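Right, one structure below, let's go through it.
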Amino acid sequence: MQVKEIIRRLLTQAAAQAKAAGALDFPELPPFELETPKLPEHGDVAANLALVLASRAKKPPRQIAQALIQHLEAPEGLLARVEVAGPGFINFFIRDSWWFQVIEEIHRLGSTYGSAELGAGRRVQVEFVSANPTGPLHIGHGRGAALGDVLANLLAAVGYQVEREYYINDVGNQIQTLGRSLYVRLRQLLGEELEFPEDGYRGEYIFDLARQYREAGHPLPGPEPEEEDLLALGRWAADAILAGIRQDLDDFGVHFDAWFSETSLYEQGWVERAFAALKEAGFLYEQDGALWFAASRFGDDKDRVVRRRTGATTYFASDIAYHLHKATRGYDLMVDLWGADHHGYVPRLRAAAEALGFSERLRILLVQLVSLLRHGEPVAMTTRGGTFVTLREVLEEVGKDAARFLFLTRRADAHLDFDLEVAKQQNAENPVYYVQYAHARLASVFRQPEAPDLMGAEPDPALWPLLKEPEELELVKRLAAFPETVEAAARLLEPHRLTYYLTELAGQLHSYYYKHRFISEDRELSRARLWLVAAVKTVLARGLALLGVTAPESM
RNA sequence: GCGCCUGUAGCUCAGCUGGACAGAGCAACGGACUUCUAAUCCGUGGGUCGCAGGUUCGAAUCCUGCCAGGCGCGCCA
């Protein structure tokens, strides 16, 4: 069990004991924090229970802290000492020997160390990327892909049953626009001078598609194409683009459990079902020939059209239906990952979720945009203008590992500067290699011929007192913090916590490696150190696996 | 004009959702390779946490108002 969990229980019991003994009086135990203090003088774990209890128990915090300590019944071997400090913190100093147990735990649990049962098998769906099939994925989609994928990994690690889903906007006039763009490019390939549509997709990839279309020997619509012809062209193009997107994601290490087609919502009557549900709840009305959802009743700026005067439904209508469909599938939690340029859309979807009663199960995460740089200079990126950097180009230039890791070095809601040159550099400026190198270094240690013989099959707790170096204790404490890091990253939906943790762990390892030889004349000490760094290697590998980054045996 | 995100060291960013003297990497400067991988390590300098108020035992963190940057504000998707 985690040290903080144990201490939380001890304090809760102590409070109850103190209350029973009449030493303290309070109605109910308030929530309190356990933190790892920055300063070693403040111990390994600090509790603010006495501070938050002060007003309820009507006593000075330090006095409460004393009372709590007196009723503390700690297990043998856990605590070196407990102190009241500052305004009333209770500082716990854990025995070194207790920390070293984590080496055995990691050996026992192997690659499941860091897993938890927080999710208790509840179902969670993560919907991400969901880029329109009108062009290849660009670097911003890559960030969303990395974030969503790792979020899903983390949630799975803490006991959720996770599904990854990609929502395909394959309805509407964008497919037609795509078809028209392709059509014009096709005619232009034949040498005809046709004006490109104002709202067309100007990317070079449309030419590529046109060439593919011809090479495959598909029929070319005549000079006056019917709407149906353009739609058919658009569908063909969307399919081809989607195939490319799947390939890109595959190469990026992102695999979806489901690809959900917007069209299927119409085919299966979900849009009408959503309208009916909203109407029944009294949030749907007609005005100016259009059908409106009363979003303003739920805090949105204004009401929103779901069916236009023309009879065509809006994108929003599809989205309501889609989320109703998701909610009906029975997920306990639905996580949506959107580009920050869609943030204005959040209030209206939230409104619909509230109107339909699944708002509490829906979490919408915004991923801020990525600014692409090269040598510190901005690289222009616009979808329609045609000069953008695709995810594929980034993958080919910097590789999957560097791209994934760098995408996860920022909070999702912070802008990200992604410098292609830095991503390619293989030095300390590039944290991915720093972490991978730590793993490779350890792998090389275990390749030493004497290593297996020195270690034996099982770690022996009697060895730990030999680990007297400060670096060793620090390392073991860091290892012990891995489960809570994974848990926090999953609970707060913040994968960047893991990349920071791994960078720190790798740093401590590098430092330790440099100062002390693991394999030496002293066989017992070597044995102890090898088991310690074996645990480090296991945690590095697990952490990198959660990030979807390879843990190389050599570099 | 309104809304969302951001503002922390020269640069890029963390800061455990209110805790104890504000952290890391890079850049700068100075050191360490006959060693289990130097893609590494050790040391030095560097901050009025955008500004001004407020809340309280305690604020980078919460509230209000300004300032600056980014992104949005369709019967588009």
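Using numbering that gives the first Met the number 0, count along the first sequence one by one with no gaps and you end on 554.
Even glycine gets a Cβ: it sits at the ideal position worked out from N, Cα and C.
Computed from a predicted structure; not experimentally measured.
Neighbour-count burial assignment, residue i, 16 or more Cβ in a 10 Å radius
i    : result
K423 : exposed
K325 : buried
T381 : Note that T381 scores 49 on pLDDT, short of 50, meaning its location in the model is unreliable and no value can be drawn from it.
L189 : exposed
S525 : buried
M333 : buried
L491 : exposed
L10  : buried
T389 : buried
K536 : buried
Y513 : exposed
K467 : exposed
A413 : exposed
D452 : exposed
A411 : buried
R163 : buried
Q124 : buried
H374 : exposed
A119 : exposed
A15  : exposed
L193 : exposed
H322 : buried
N172 : exposed
R210 : exposed
CB contact flag (residue i, residue j, <8 Å)
i    : j    : result
V485 : G113 : yes
A540 : H438 : yes
D302 : A311 : no
A273 : A320 : yes
I167 : F297 : no
I174 : A534 : no
T498 : F357 : no
L48  : L23  : no
A237 : T133 : yes
S317 : E261 : yes
A145 : L136 : no
Y500 : G542 : yes
W291 : V305 : yes
Q507 : L474 : yes
L441 : H495 : no
A350 : D299 : yes
L52  : I63  : yes
V434 : R142 : no
K117 : A487 : Contrary to the premise, residue 117 reads as Leu rather than Lys in this sequence. Not closer than 8 Å, so no.
Supposed close pair residue i, residue j - CB separation, criterion 8 Å
i    : j    : result
F91  : V81  : 6 Å
A276 : L355 : 6 Å
L394 : D250 : 6 Å
A401 : V431 : 5 Å
G21  : R61  : No, G21 and R61 are not in contact; Cβ-Cβ is about 19 Å, not under 8 Å.
V128 : L248 : 7 Å
C-alpha gap between residue i and residue j, whole angstroms
i    : j    : result
R122 : R477 : 31 Å
L482 : F31  : With the sequence shown as reference, residue 482 is identified as Pro, and Leu is not the correct amino acid for it. Taking the straight line joining both Cα atoms gives about 20 Å.
E34  : E457 : 33 Å
G385 : V345 : Any answer about G385 is weak, because its pLDDT of 44 lies below 50 and its placement is not dependable; what the coordinates show is given next. Taking the straight line from one Cα to the other gives about 28 Å.
S110 : E470 : 24 Å
A19  : R94  : 29 Å
K3   : G42  : 13 Å
W97  : L472 : 11 Å
L361 : D335 : 8 Å
G76  : A461 : 15 Å
P26  : S54  : 11 Å
A215 : F255 : 29 Å
P59  : V44  : 21 Å
R383 : Q367 : Low confidence applies to R383: its pLDDT is 42, below 50, so where it sits in the model is not reliable enough to give any reading.
Q12  : Y159 : 30 Å
H515 : H509 : 10 Å
V538 : E103 : 13 Å
D340 : I363 : 13 Å
P464 : F517 : 16 Å
beta-carbon residue i near the ligand SAM non-hydrogen atom, thresh 7 Å
i    : result
Q187 : Annotation note on the ligand SAM: not contained in the displayed structure, which lists no ligands.
Cβ contact check for the segment 177–187 and the segment 215–234: 3 or more pairs under 8 Å: By the criterion of at least three beta-carbon pairs nearer than 8 Å, the segment 177–187 is in contact with the segment 215–234.
Inter-stretch contact at 8 Å, needing at least 3 Cβ pairs: the segment 208–223 / the segment 139–158: By the Cβ criterion, the segment 208–223 is not in contact with the segment 139–158, since fewer than three pairs of Cβ atoms, one from each stretch, lie closer than 8 Å.
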